[in-house]
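Only one structure is covered here, and it is reproduced in the block below.
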Amino acid sequence: MFFERPTWILSRIYPNGIFRKNPEERSVYLTFDDGPIPELTPWLLDFLDRRGIKATFFVVGDNVRKYPELFQQIIDKGHSVGNHSFNHVRSMRMRNPDFIDNVKKCDTLFKTRLFRPPHGIMRRCSYLYMKGEYDIVFYDVITRDYNPKIKPAKIFRIVRRLTRNGSIIVFHDSLKSMDNLKIVLPQIIDWLTAQGYSFKTL
Numbered sequence: 000m001f002f003e004r005p006t007w008i009l010s011r012i013y014p015n016g017i018f019r020k021n022p023e024e025r026s027v028y029l030t031f032d033d034g035p036i037p038e039l040t041p042w043l044l045d046f047l048d049r050r051g052i053k054a055t056f057f058v059v060g061d062n063v064r065k066y067p068e069l070f071q072q073i074i075d076k077g078h079s080v081g082n083h084s085f086n087h088v089r090s091m092r093m094r095n096p097d098f099i100d101n102v103k104k105c106d107t108l109f110k111t112r113l114f115r116p117p118h119g120i121m122r123r124c125s126y127l128y129m130k131g132e133y134d135i136v137f138y139d140v141i142t143r144d145y146n147p148k149i150k151p152a153k154i155f156r157i158v159r160r161l162t163r164n165g166s167i168i169v170f171h172d173s174l175k176s177m178d179n180l181k182i183v184l185p186q187i188i189d190w191l192t193a194q195g196y197s198f199k200t201l
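The numbering of the sequence shown is numbering that gives the first Met the number 0, which starts it at 0 and goes up by one.
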């Protein structure tokens, strides 16, 4: 079974991980993983700019290397950026030193304290090594927008059902999510705004 909200077990495994922000504030934190890419990032930046929304982009280092001008646009538009490893590698399939090296390779391109492990999970030994150097961000709601078998209407229902004060919501700045995102993101923003949520960056 796939959980759109992490189970309590993960908060025990990663006790200092960031899953949700202040539950007393009527705010949400939009995050976009895996970019930047020329096929989607310009549209996404333009859309967020027109809505006056700032978000947090967890970027893949190799995409930053290939598209530095797009990465700079993210910065210039006032969004926050986080490290999502250099090659979107899976911690669970790698030796700990190799995973750490892949994450730190991003430091040659940009500096940030924010890190989100690809696929939202990492070895506990990697977590323990990195937690002093990075603010390790997980999520409160994952939209599953990257799955072409899931229609925009279901993505909207996921967000509507699970979003709460302080939710960190995961979308994807990727080819897999592009068709879904262009349809459902405006609908979600309209709904969140109608519910009185403000939009903040990590």
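Note that CB positions come from ideal geometry on N, CA and C, so glycine has one too.
Remark: C-beta atoms of T30 and F70 do not approach each other more closely than 8 Å.
The beta strand (DSSP E) runs of length 3 or more contained entirely in the region 41 to 103 are, from start to end of the chain, 55 to 58, 79 to 82. DSSP, read as helix, strand or coil, puts I36 in coil. Using a Cβ distance threshold of 8 Å, V136 and G81 count as a contacting pair. The count of Cβ pairs closer than 8 Å, one atom from the region 149 to 158 and one from the region 36 to 46, stays below three, leaving the stretches out of contact. Taking a C-beta distance under 8 Å as the contact criterion, R25 and G195 qualify as a contact pair. Within the DSSP secondary-structure output, Y28 pairs in a beta bridge with I167. F198 carries a strand assignment under DSSP once its states are collapsed to helix, strand and coil. In its chain, beyond the 5 residues on either side, D32, D33, D144, Y145 have a beta carbon closer than 6 Å to the beta carbon of H171. Our two residues, I154 and K181, have alpha carbons roughly 12 Å apart in a direct line.
Nearest to D106 by alpha-carbon distance, out of V59, V183, P14, G77, is V59. Between I99 and P117, the alpha-carbon positions lie close to 13 Å from each other.
Under the three-pair Cβ rule at 8 Å, the region 110 to 126 does not count as touching the region 63 to 77. Ranked by Cα distance from G77, the first of S197, I52, C124 is I52. Unbroken alpha helix (DSSP H) runs of no fewer than 4 residues, entirely contained in the region 103 to 142, are found at 123 to 129, following chain order. If you draw a straight line from the Cα of S10 to the Cα of G16, it comes to about 7 Å.
As DSSP reads the structure, R19 sits in a beta bridge with S166. By the neighbour-count criterion, in which 16 or more other beta carbons inside 10 Å mark a residue as buried, I74 falls on the exposed side.
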